[in-house]
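Shown next, in C-alpha cells, is the structure this report addresses.
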Amino acid sequence: MIIPRRKAPELIIETLDHGRFNLAMEKPERLTLVCFYRGLHCPVCTNYLKELERLTPAFAQRGVETIAVSSDGEARARQMAEKIAAKNLRVGYGLELSAAREWGLYISASRGKSSIDIEEPPMFSEPGVFLIRPDQTIYYLSVQSMPFVRPNFGEMLQAVDYIIKTDYPARGEYAGPV
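Structural data, given as C-alpha cells:
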C-alpha cells in the first residue's frame, strides 16, 4: 500500500521528446505531478491530458513538474501526444504492468475496441495521479479503478497554492493499528 510521506516506488521511463525520465533524479522546486493514464484507446484520457497540457505552464510557475505515463508503446504514445497537442507536458511510454502494480494502479484486460474504435491493449493500467516531493516521498495520491471521475487539475492548482501558502503537510500518513 502506498502511504503519504513514504518514499515513492521507482519510476524510470522513456519519454517521447525529453529523454529518459527517472523520478529519483527529478529536482523540482516543489513537486512532481505524475499522471498515469490508460492509453490511446481512452477518450476520457485524451480530454484529461488536454487539460493537463493546458495547465502545465501554470503548474511550472508554482514549481511543479508534470509527466503523463502509460503502458502504451512509443507509436501509440506519439499519437496521444499529437491528439493533445503536447508541447509542455512530458509524455512517457512503456510502463511495465509490474511497475504499475507497485504504484498501486489497477490493471484491466482488453474488451476489444474502445468507444472511439481503437483497440485496447491486452492489459493496461487504470488512471492515477500522484504529487511527489523532491525528496521522493508521496505527498498526494489518487488511484481510480475506472476511467471516470478523476481529480480536477484546476482544483489541484488551487490546492498547490494553498499548500505553498500554508506549508500544508501530506495527510493519510498514519499506518498503525486502528
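For the sequence shown, our numbering assigns the number 882 to the initial residue and increments by one for each residue that follows.
Beta carbons: idealized from backbone N, C-alpha and C, even for Gly.
Where residue i sits in the DSSP three-state scheme
i            : result
residue 968  : coil
residue 974  : strand
residue 1038 : helix
residue 957  : helix
residue 893  : strand
residue 1024 : strand
residue 996  : coil
residue 991  : coil
Distance, residue j Cα to residue i Cα
i            : j            : result
residue 1032 : residue 925  : 12 angstroms
residue 906  : residue 1014 : 12 angstroms
residue 1005 : residue 1051 : 29 angstroms
Option in the options with minimal Cα separation from residue i
i           : options                   : result
residue 958 : 1034, 1024, 919 and 1047  : 919
residue 885 : 1049, 1043, 1059 and 1021 : 1021
residue 948 : 899, 1055 and 1058        : 899
residue 915 : 890, 1002, 1000 and 928   : 890
residue 953 : 966, 973 and 963          : 973
Bridge-paired residues (DSSP) for residue i
i           : result
residue 950 : 917 and 973
Can you find at least 3 beta carbon pairs, one from the region 1028-1044 and one from the region 943-951, that sit closer than 8 angstroms? yes
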